[in-house]
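In this note's numbering, the protein residues as written are 1 to 433.
All C-beta atoms in this analysis are idealised placements derived from N, C-alpha and C, irrespective of residue type, glycine included.
On a predicted model such as this, the values are computed, not experimentally measured, just so you know.
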Ligand code: SAH
Ligand code: SF4
Ligand code: F3S
């Protein structure tokens, strides 16, 4: 019996990759464990997007290397994911046994099975993995439709770690959808660094057409279709209309704007102006008023001035994002920003970030407060750790905690109406009606 322990960092793409690997390791008889000391191999799926993410992994590799020295000389420490491109030598120096350049589940599973590394197997073209239902949320599935990114935002390492945009054949995606529905998926997310640019690199249908084709397969089944991430330069009216017209597609959009200042957007190489962004959002809201938006923002880039920062704050308050992922700029190797030494001020960035967090917290709270008293349709996600409450999501991605003290049990993927009673932190609290 061989045991493996897996830690995952980074975005949902990594999550989908880890999930595929878990399944292929199980298929060849490996057992997943939470107990590091019991495991024969440790796999870390890594992220390079910010320095902090990398530092955590360095710490973990050192820790696992010490476990190896003390308890199990045969333990294998395997690294996959984006850091393999950026930090290979350091990872080896900290005690990694293998750092897999281009992630390939067959290589890793085969390697752990046979102990033999066939070098010819590596650096071949990227192959999309068979999709699987998520290992933790068994009603959910993540289906990568593109790999890599060709946008080359000047601050971002992703095009360097994952390579050029590569779209998956639409026939393969549609097969994947059928397979996942057959296996019981109720909540399917199409994944890509910029899903709106799906198909631009191959002779196939567009992203909008893909949504229509998937919706046909889903038909009258109550299956929720989501996608992320969208890019403001490629998000267009046809996608907005598809979201309105297709019953399976959820009314939520993650549309990072990164900065409210046109100077900064230009230095970032984002290829849109803030006016264009605002126009797209206003079109979207005209098309479907139930829309909920979330976003990503970076502060402290390119010596952002106070007035440029104010422009970002204005967008945050005027648009009203229910959720926003807020980051201080982190310089990454290989990027244009680091090669051109685009300057930034760490202290100013820290200050801007904490002020932005405050403003966003209030915006989210005010928007969520408006939901109190309403009855919302939700899908049960999972039972909370306290075994008392359930966590659920609305179609437009609001989180809601459901009181489970009535002793009833609810199953993941089931859909209910919930009356919102109050707000706790970033979640709504409600009762099933
Ligand atoms: N492809 C997606 C997301 C990529 S990474 C997109 O373009 O929207 C997720 C988020 O991390 C980005 O949206 C950005 O806000 C943030 N990010 C990327 N590189 C960063 C860096 N060097 N420093 C700080 N935040 C960064
Ligand atoms: Fe990075 Fe920009 Fe591509 Fe997103 S769109 S992955 S931020 S280069
Ligand atoms: Fe991180 Fe790579 Fe995803 S850098 S955000 S794991 S694409």
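Could you tell me if the beta carbon of residue i falls within a distance shorter than 8 Å of some heavy atom in ligand 3?
{"i": "residue 193", "result": "yes"}
{"i": "residue 154", "result": "no"}
{"i": "residue 250", "result": "no"}
{"i": "residue 437", "result": "The requested residue 437 is not part of the displayed model; the chain covers only 1 to 433."}
{"i": "residue 162", "result": "yes"}
{"i": "residue 158", "result": "yes"}
{"i": "residue 16", "result": "no"}
{"i": "residue 302", "result": "no"}
{"i": "residue 126", "result": "no"}
{"i": "residue 9", "result": "yes"}
{"i": "residue 53", "result": "yes"}
According to DSSP, simplified to helix, strand and coil, what is residue i?
{"i": "residue 81", "result": "strand"}
{"i": "residue 430", "result": "strand"}
{"i": "residue 165", "result": "coil"}
{"i": "residue 129", "result": "coil"}
{"i": "residue 159", "result": "helix"}
{"i": "residue 296", "result": "strand"}
{"i": "residue 259", "result": "coil"}
{"i": "residue 409", "result": "coil"}
{"i": "residue 334", "result": "coil"}
{"i": "residue 96", "result": "coil"}
{"i": "residue 139", "result": "coil"}
{"i": "residue 272", "result": "coil"}
{"i": "residue 304", "result": "coil"}
{"i": "residue 66", "result": "helix"}
{"i": "residue 326", "result": "strand"}
{"i": "residue 277", "result": "helix"}
{"i": "residue 28", "result": "coil"}
{"i": "residue 73", "result": "coil"}
Run the proximity test for residue i: is its beta-carbon closer than 8 Å to any non-hydrogen atom belonging to ligand 1?
{"i": "residue 12", "result": "no"}
{"i": "residue 331", "result": "yes"}
{"i": "residue 256", "result": "yes"}
{"i": "residue 49", "result": "yes"}
{"i": "residue 82", "result": "no"}
{"i": "residue 46", "result": "no"}
{"i": "residue 335", "result": "yes"}
{"i": "residue 298", "result": "yes"}
{"i": "residue 206", "result": "no"}
{"i": "residue 327", "result": "yes"}
{"i": "residue 229", "result": "yes"}
Less than 9 Å between the beta carbons of residue i and residue j, yes or no?
{"i": "residue 374", "j": "residue 420", "result": "yes"}
{"i": "residue 226", "j": "residue 8", "result": "no"}
{"i": "residue 27", "j": "residue 109", "result": "yes"}
{"i": "residue 218", "j": "residue 170", "result": "no"}
{"i": "residue 308", "j": "residue 155", "result": "no"}
{"i": "residue 148", "j": "residue 168", "result": "no"}
{"i": "residue 391", "j": "residue 403", "result": "no"}
{"i": "residue 211", "j": "residue 246", "result": "yes"}
{"i": "residue 424", "j": "residue 401", "result": "yes"}
{"i": "residue 48", "j": "residue 130", "result": "no"}
{"i": "residue 255", "j": "residue 235", "result": "yes"}
{"i": "residue 325", "j": "residue 305", "result": "no"}
{"i": "residue 36", "j": "residue 64", "result": "yes"}
{"i": "residue 53", "j": "residue 79", "result": "no"}
{"i": "residue 274", "j": "residue 257", "result": "yes"}
{"i": "residue 301", "j": "residue 329", "result": "yes"}
{"i": "residue 418", "j": "residue 407", "result": "no"}
{"i": "residue 160", "j": "residue 85", "result": "yes"}
{"i": "residue 269", "j": "residue 82", "result": "no"}
{"i": "residue 241", "j": "residue 287", "result": "yes"}
State yes or no: is the C-beta of residue i nearer than 8 Å to some heavy atom of ligand 2?
{"i": "residue 144", "result": "no"}
{"i": "residue 266", "result": "no"}
{"i": "residue 397", "result": "no"}
{"i": "residue 23", "result": "no"}
{"i": "residue 295", "result": "no"}
{"i": "residue 139", "result": "no"}
{"i": "residue 86", "result": "no"}
{"i": "residue 151", "result": "yes"}
Next item on the list: Within the region 339 to 407, note down every full alpha helix (DSSP H) run reaching 4 residues or more, in order along the chain.
Entry: 346 to 369
Margin query: Suppose only complete runs of 3+ residues qualify. What are the beta strand (DSSP E) ranges in the region 30 to 54, listed by chain order?
Written below: Whole beta strand (DSSP E) segments, 3+ residues: 30 to 32 and 41 to 46.
Notebook entry, point to check: In chain order, which beta strand (DSSP E) runs of at least 3 residues are fully inside the region 180 to 256?
Noted result: 187 to 191, 224 to 228 and 252 to 254
Check: Below 8 Å, can you find three or more Cβ-Cβ pairs linking the region 258 to 268 to the region 190 to 208?
Finding: no
Checklist line | Inter-stretch contact (C-beta, 8 Å, three-pair minimum) for the region 335 to 347 and the region 316 to 325 | finding: For the pair of segments examined, the region 335 to 347 was found not to touch the region 316 to 325: the number of CB pairs separated by less than 8 Å stays below three.
Notebook entry, point to check: Between the region 363 to 370 and the region 183 to 191, do at least 3 Cβ pairs fall closer than 8 Å?
Noted result: Touching, no.
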